[in-house]
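Participant:
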Amino acid sequence: MEEPAKDQPAEASPEQKNGKSSDSDEGLKRPAEGDPVPARPVKALRLAATPSNIAINGRYQEVKFRKQFAEKWSRKEPIRGAGYELKNEPFQLGVLENFLREDADQVEVTRELEREFSEMEWRRKQMDLYEFYQTTDLCSVRKEFLAGFYRNLREKVMPLMQQLTGIKLTHVSASCSMYNAGDYLLVHDDLLTDRRIAFVYYLSPWEGHRVWTEAHGGALELFRADENLLPVFPVKDKVYPRNNQLVFFKVSEKSFHQVGEVTTFEYPRLTINGWFHGPIDPHHVPHSSIIIDTHYFAPVADEIQLSEWVNNVYLIDEVKLNIQKKVEMFSEVSLEEFLTPEIFTVMSNTLRKTPDVNWTIKGPAHLRKYEVLDFSSLKPGPLQDLYKLFTCDAMFRLLLEYTELDLSGPKAKTPTCAIELQRWQKSCYTVLGDPSSYSDCALDLLFFLNAQDNVGVVTYLVPEGDQRPSSNSAGDDDDDGDEDDPVLLTVYPKNNVLNVVYRAEGTTKFTKYVSRNVFLEQEQLQLKQQQEQRREEDKKEEGDEDDEDDQQKAGHPYTYILACSYKE
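Residues 1 to 568 (the UniProt record's numbering) make up the sequence shown, in order.
1. DSSP three-state label for Y566, please.
2. Tell me whether the beta-carbon of C564 lies closer than 8 Å to the beta-carbon of L445.
3. Starting from E344, trace the beta strand (DSSP E) in both directions and tell me its first and last residue.
4. Can you give me the C-alpha to C-alpha distance between A266 and F117, rounded to a whole angstrom?
5. Taking only the alpha-carbon atoms, compute the straight-line gap between F330 and E112 and give it to the nearest angstrom.
6. Kindly give me the distance between the Cβ atoms of Q92 and K76, rounded to whole angstroms, as I take these residues to be in contact under 8 Å.
7. Rounded to whole angstroms, what's the CA-CA distance from G81 to V95? Just pull it up for me.
8. Between the C-alpha atoms of N496 and S307, what's the straight-line distance to the nearest angstrom?
9. What does the Cβ neighbour count give for Y566, buried or exposed, with the cut at 16 atoms within 10 Å?
10. Use the C-beta contact count for W309: other C-beta atoms within 10 angstroms, 16 or more gives buried, fewer gives exposed.
11. Under a three-way DSSP split, which group does Y429 fall into?
12. Check whether the stretch 386-395 and the stretch 312-326 touch, using three or more Cβ-Cβ pairs below 8 Å as the test.
13. Between which residues of its own chain and K156 is the CB-CB distance below 6 Å, once the five residues before and five after are set aside?
14. Alpha carbon to alpha carbon, how far is Y201 from residue 587? Give it in angstroms, no decimals.
15. How many angstroms separate the CA atom of Y130 from the CA atom of D183?
16. Along the chain, which unbroken stretches of the beta strand (DSSP E) at least 3 residues long are found entirely within the stretch 92-174?
17. Closer than 8 Å by C-beta to Q324: which residues in its own chain qualify, once you throw out the five before and the five after it? Chain order, please.
18. One question on the structure: do G218 and V262 come within less than 8 Å of each other, judged by their Cβ atoms?
19. Whole-angstrom Cβ separation of D302 and K236, contact assumed at under 8 Å?
20. Once DSSP output is grouped into helix, strand and coil, what is the label at Y438?
21. Taking a contact to mean a Cβ-Cβ separation below 8 Å, would you say G381 touches T345 in this structure?
22. On the three-state DSSP scale, how would you describe N499?
23. Counting C-beta neighbours from all protein chains within 10 Å, is the total for P38 16 or more, i.e. buried, or is it exposed?
24. Under 8 Å between the Cβ atoms of K191 and S252?
25. Which same chain residues, not among the five before or five after H171, have their C-beta less than 7 Å away from its C-beta?
26. Give me the Cα-Cα distance between M158 and G148, rounded to the nearest whole angstrom.
27. Three-state secondary structure (DSSP) at E401?
28. Report the option in I79, D128, R368 and Y133 whose CA atom is closest to the CA atom of N121.
29. Pick out whichever of S204, L230, P231 and F233 has its Cα sitting closest to the Cα of N243.
30. Within a Cβ cutoff of 7 Å, which residues of the same chain sit near F65, ignoring the five residues on either side of it in sequence?
31. Could you pull out every residue in the same chain whose Cβ sits closer than 7 Å to the Cβ of V327, ignoring the five residues on either side in sequence?
32. If W275 sits next to S177, beta carbons under 8 Å apart, how far is it from one beta carbon to the other, in whole angstroms?
33. Taking just the CA atoms, how far does K87 sit from D194?
34. Under 8 Å by Cβ, that's how I've got V109 and A365 pegged, so tell me the actual separation to the nearest angstrom.
35. Since V259 contacts Y179 with CB under 8 Å, what's their CB separation in whole angstroms?
36. Measure how close the beta-carbons of Y492 and R423 come, nearest whole angstrom, since I'm counting them as under 8 Å.
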C-alpha cells in the first residue's frame, strides 16, 4: 500500500542563515541578549508535483475498501460510500472520486496534466458517430506527467481493477480526448476484440468548474438494453464530469453509453480514457445483431391526379426527359417547388398543429433517434393525402419516367416502397448501419417541410471495407475508424424540394446529429421578435396573417422529412 506524502520542514532562507530578518519578521521585537528565544513556527512548503507523485488515493488502497467493493461487484449489488459508488443499473459501473492522491502539501497533479494537454497535438475526429479531438495513444507520449499517468495505469490501476472486478487483465490502451461546445459521441457498447474494462478519467481543475452539471452537458449517459440486447430510449442514468474522477465499467453486450453533447462554452471536457484488455472468454458466444427490417409494400391503387398536387412544370414530357438524363448522369436530382404552393402551405401548417401524441421516437438508440408520425392514427385530412400521394400508382409511374427504373409498366415485377414522415429536432441523428443495411439498390426521395438550417442534413457515402467503425464498438475514443470515407452527396434541408437519389449497392447514408447550438441563433431571433411584438401591441390590434405564420414558424423547433424508398 502506498503511503501519502508527509509534511517536510521548511529549509531556512539565506537571510536567516546569515542572521538577518526575513520579510516575515517585520513587526516582531528582537529578544534582548540573554532572553529565551521563542520557538518559531515551521512552515511546510508545497512540494512541486512530479511524475513520481502520481499515485492512487490511499482510501482506494485499503484492504477493507477493496474487499467490500469486490464482494458487491461479484454479487451485482450496488454500493455507495464517501466519494465512491458502484452502480448496477443499467449495467455495472464504478465511480471513484478524488482518484489520484492530492495532498495539501503538493501542487495539484491534475493541473500539471491539464497543462500538458495544452501542449499535445490533437486530431479532429469527425464521423457519423462522433465529433471531438483526440491524441495518439499514451504509450508513445513523451510528456512527463502524461507518461507518468500511463505508467500508473499499467502498474497500479490495472491491478486495482483486477481486484475490484475479478476480471483478468493483461495490458492497457489509453489516449486523451477533448470535447468542445457542440462535440459528442453517440450510443455504442465498446465491445471489440479483447476489451474487458473501459475507463474514463476526468480533468477539470479550474476553480468554480471542477464539478459539471446538466447545464454544462458532457455527461456519460447510460442506456438500458432490451431483450434483444438493443439500447432503448430514454437515457437511464448519467455520470457528470468531475475533476480527478475515475469511472470504469465492464465491457459487455449491454454496456451501451454515449457522451452527451457539451453545451458549455467556458471550458472543454478533458479526459484520459481507454480500455484494460484481457483474455477473451473461449466459451463466450457473440450475440448476433438484429437486422432492423424496413417495411416495404406494393403501390396503392388510388386514382390521384398528380396535376392537382405537383408543380405542372415537372409533368411536362420534355422536363421529365431532362430529369431522367440528369439522374442517369449524376444519380440524383433536386426538384424545387415540387408541390404547388397552396398544397405545400396546407401541409406545413397541418404538421405544425399535429399533436405530440401522434409522434413516437424511432430507435434503436445505437442506430438512430428521431420521431415518426403514426399515419394510422390520423383522421382523413392533408397528411393522409400526402401519404397516399407518395405511395400511389401514379407516383410510381412518374418515378419510372424520372429514372427508367422498373417501378411501373410491363417490365415491373414486384415494385415496392417504404415511407416515413419524420420529425427532427436537437439531439436527433442516424448513423451508418452494418453492411446488411445497404446491400441492395433503392431510389430515395427526401422532401423537407418547415426546413431549418443544419437540421436533417443527409450524407451519402461508400464505406471503405473494414475500415468503417461499427457503431456498436466505437469506444469513447476509438481510433479504429477511417476519417476519410468518400462523400458522394450531401442533401441540405430546403422547403418544398424533392431530392431524388439513386442509392446503388454498397452506398449508405446517415443524417448528421443535430447540435443544440443550431437552435441558439433561432432562439435569440425568437426572443427578439417577442420583444418587438410586445412593443407593438399597443399600436397594432390585429397582426397580418403572414406575419403570424412567420412567428409561428420561428417558434416551431421541428424540421419534417418525408423519407421514401422505392425498389424494383
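Glycine included, every Cβ here is placed at the ideal spot set by N, Cα and C.
Facilitator: Taking the geometry as given:
1. Residue mapping note: residue 566 aligns to position 566 of the sequence shown, counting from 1. Three-state result, Y566: strand.
2. The count along the sequence shown starts at 1 and reaches residue 564 at position 564. The count along the sequence shown starts at 1 and reaches residue 445 at position 445. Yes, these two residues count as a Cβ contact at 8 Å.
3. Translated into positions along the sequence shown, residue 344 becomes position 344. What sits at residue 344 in the sequence shown is Phe, not Glu. For F344, there is no enclosing beta strand (DSSP E); the residue is found in the alpha helix (DSSP H) stretching over P341 to R352.
4. Start at 1 with the first residue of the sequence shown, and residue 266 comes out as number 266. Start at 1 with the first residue of the sequence shown, and residue 117 comes out as number 117. The question names Ala, but residue 266 is Glu in the sequence shown. The C-alpha of E266 lies about 17 Å from the C-alpha of F117.
5. Residue mapping note: residue 330 aligns to position 330 of the sequence shown, counting from 1. Residue mapping note: residue 112 aligns to position 112 of the sequence shown, counting from 1. Taking the Cα positions, F330 is about 54 Å away from E112.
6. Residue mapping note: residue 92 aligns to position 92 of the sequence shown, counting from 1. Residue mapping note: residue 76 aligns to position 76 of the sequence shown, counting from 1. Rounded, the Cβ-Cβ distance is 7 Å, consistent with contact.
7. Residue mapping note: residue 81 aligns to position 81 of the sequence shown, counting from 1. Residue mapping note: residue 95 aligns to position 95 of the sequence shown, counting from 1. Distance between the alpha carbons of G81 and V95 is about 10 Å.
8. On the sequence shown, position 496 is the one that residue 496 refers to. On the sequence shown, position 307 is the one that residue 307 refers to. Straight-line measurement puts the Cα of S307 at about 16 Å from the Cα of N496.
9. For the purposes of this step, residue 566 is taken as residue 566 along the sequence shown, with counting starting at 1. So Y566 ends up on the buried side.
10. The count along the sequence shown starts at 1 and reaches residue 309 at position 309. By the 10 Å Cβ count, W309 comes out buried.
11. Taking the sequence shown and counting its residues from 1, one reaches residue 429 at position 429. Residue state, collapsed to three classes: strand.
12. Short answer: they don't touch.
13. Counting from 1 along the sequence shown, the entry for residue 156 is found at position 156. Cβ within range, chain order: I56.
14. Residue 587 is absent from the model: the chain starts at 1 and stops at 568.
15. Start at 1 with the first residue of the sequence shown, and residue 130 comes out as number 130. Start at 1 with the first residue of the sequence shown, and residue 183 comes out as number 183. Each residue's CA atom was taken as its position, placing Y130 and D183 some 7 Å apart.
16. Uninterrupted beta strand (DSSP E) stretches at least 3 residues long and entirely within the stretch 92-174 occur at 93-96, 123-126 and 130-134, given in chain order.
17. The count along the sequence shown starts at 1 and reaches residue 324 at position 324. Counting only Cβ-Cβ distances below 8 Å, and skipping sequence neighbours, we find E401, Y402, T403 and E404.
18. Mapped onto the sequence shown, residue 218 falls at position 218. Mapped onto the sequence shown, residue 262 falls at position 262. Contact: yes.
19. Within the sequence shown, numbered from 1, the residue matching residue 302 stands at position 302. Within the sequence shown, numbered from 1, the residue matching residue 236 stands at position 236. Incorrect: roughly 44 Å between the Cβ atoms, too far for contact.
20. Start at 1 with the first residue of the sequence shown, and residue 438 comes out as number 438. In the three-state scheme derived from DSSP, where H, G and I count as helix and E and B as strand, Y438 is classed as helix.
21. On the sequence shown, residue 381 is found 381 positions in, with the first residue counted as 1. On the sequence shown, residue 345 is found 345 positions in, with the first residue counted as 1. It is not a contact, given that the beta carbons lie outside the stated cut-off.
22. Numbered from its first residue, the sequence shown carries residue 499 at position 499. Looking at N499 - three-state DSSP - the assignment turns out to be strand.
23. Counting from one through the sequence shown, the residue named residue 38 turns up at place 38. Only weak support is given to the placement of P38: the predicted model assigns it a pLDDT of 43, under 50, and the value that follows is read from those uncertain coordinates. Looking at its Cβ environment, which holds fewer than 16 other Cβ atoms inside 10 Å, P38 is exposed.
24. Locating residue 191 in the sequence shown gives position 191, where the first residue counts as 1. Locating residue 252 in the sequence shown gives position 252, where the first residue counts as 1. As written in the sequence, residue 191 is Leu, which differs from the Lys given in the question. Yes. Within cutoff.
25. Here residue 171 refers to the residue found at position 171 of the sequence shown. In the same chain as H171, and ignoring 5 residues on each side of it, the C-beta atoms closer than 7 Å to its own belong to H277, in chain order.
26. Taking the sequence shown and counting its residues from 1, the one referred to as residue 158 is at position 158. Taking the sequence shown and counting its residues from 1, the one referred to as residue 148 is at position 148. Separation of M158 and G148 (C-alpha to C-alpha, rounded to the nearest whole angstrom) is 14 Å.
27. The residue labelled residue 401 in the question sits at position 401 within the sequence shown. Shown here, E401 sits in a helix according to DSSP, grouped into three states.
28. For the purposes of this step, residue 121 is taken as the residue at position 121 of the sequence shown. In the sequence as presented, Asn is not what sits at residue 121; that position holds Glu. If we check each option's Cα against that of E121, Y133 comes out closest.
29. Here residue 243 is taken as the residue at index 243 of the sequence shown, counted from 1. For N243, the nearest C-alpha among the options comes from S204.
30. Translated into positions along the sequence shown, residue 65 becomes position 65. R59.
31. As a first step, residue 327 is located in the sequence shown; it is residue number 327 there, counting from the start. Around V327: V333, Y402, T403, V500 and Y502.
32. On the sequence shown, residue 275 is found 275 positions in, with the first residue counted as 1. On the sequence shown, residue 177 is found 177 positions in, with the first residue counted as 1. In fact, because the Cβ distance is near 13 Å, the residues do not count as touching under 8 Å.
33. Position 194 of the sequence shown, counting from 1, holds the residue named residue 194. Position 87 of the sequence shown, counting from 1, holds the residue named residue 87. Their backbone Cα atoms lie some 23 Å apart in a straight line.
34. Position 109 of the sequence shown, counted from the first residue, corresponds to residue 109. Position 365 of the sequence shown, counted from the first residue, corresponds to residue 365. So it is not a contact: roughly 36 Å between Cβ atoms.
35. Indexing the sequence shown from 1 puts residue 259 at position 259. Indexing the sequence shown from 1 puts residue 179 at position 179. Between Y179 and V259 the Cβ distance is about 7 Å, and since that is below 8 Å, they are a contact.
36. In the sequence shown, counting from the first residue as 1, residue 492 sits at position 492. In the sequence shown, counting from the first residue as 1, residue 423 sits at position 423. Contact between Y492 and R423 is ruled out by a C-beta separation of about 18 Å, above the 8 Å threshold.
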